[in-house]
Structure formats: structure tokens, C-alpha cells
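Trainee: The opening residue of the sequence shown carries number 52 in our numbering; numbering runs sequentially from there.
Just so you know, even glycine gets a beta-carbon here, dropped at the ideal spot from N, CA and C.
Please read these numbers as outputs of a predicted model, since none were measured by experiment.
The structure's right below; bear with me while I get my questions together.
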Amino acid sequence: MTERKINNRVKRLMELDAQIHALEQERKAIIEEIQSEMTEPEVRTNTYIVRGTPYKTTRFDSTALKKDFPDMYREYARETESKRFSYKTA
Numbered sequence: 052m053t054e055r056k057i058n059n060r061v062k063r064l065m066e067l068d069a070q071i072h073a074l075e076q077e078r079k080a081i082i083e084e085i086q087s088e089m090t091e092p093e094v095r096t097n098t099y100i101v102r103g104t105p106y107k108t109t110r111f112d113s114t115a116l117k118k119d120f121p122d123m124y125r126e127y128a129r130e131t132e133s134k135r136f137s138y139k140t141a
């Protein structure tokens, strides 16, 4: 791939990243607005059913395991290899 083509592709990636970020921020703001005005866990309109259902999740705290039981952590830890793709303005 030529330098010019790489520059064009990275420029387009950066444009897309900016658009994605802006859309994610707008999406988050709209969700927060709807949730802040919901007085019931479920709201029905002629077109949509909107739910704000609380839920709990359980996640494994590998950082605490690594701190409290380092030998056990090393015994069960798996190492993987992959490529990290990154770009920035020079």
C-alpha cells in the first residue's frame, strides 16, 4: 500500500472515529434524558415500549485474585498473543 493510500485511509478512520464518538455521546444523552423522565419501569407509547429495568451482574475480580493469591493467579492465567492496531498524527 502506498504512503498516500495509507494517509487517506488513516484520515478516513479518524473522521469515522470522530463521528462515532459524537454519535455515542448523543445516544448516551438521549438515553439519560429518557431515563431521567421515566416515572415507571415501563412506558408504552403507540409505537414503542421503553423499559428501565434494574439488574445486577457478577464479575470476576482478577485484580483482587492476583493481589491476594498470586500463585493461584499465575497457575490459571493464560497468555495470548495478538496485534494491536493504532494510529495517530505524526
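1. DSSP on E75, reduced to helix/strand/coil?
2. Pairing CB atoms from the segment 55–67 with CB atoms from the segment 82–98, are three or more of them under 8 Å?
3. According to DSSP, simplified to helix, strand and coil, what is R102?
4. Would DSSP call R95 helix, strand or coil?
5. Residues in its own chain within less than 7 Å of Q76 by CB, not counting five upstream and five downstream?
6. Helix, strand or coil, according to DSSP, for D112 in the structure here?
7. Give me the Cβ distance between I100 and E93, rounded to the nearest whole Å; I'm assuming they're in contact under 8 Å.
Mentor: Looking at the atomic coordinates:
1. Here E75 sits in helix by DSSP.
2. no
3. Assigned with DSSP and collapsed to three states, R102 falls in strand.
4. R95 carries a strand assignment under DSSP once its states are collapsed to helix, strand and coil.
5. none
6. Reduced to three states, the DSSP call for D112 is coil.
7. Indeed, because the Cβ distance is near 7 Å, the residues count as touching under 8 Å.
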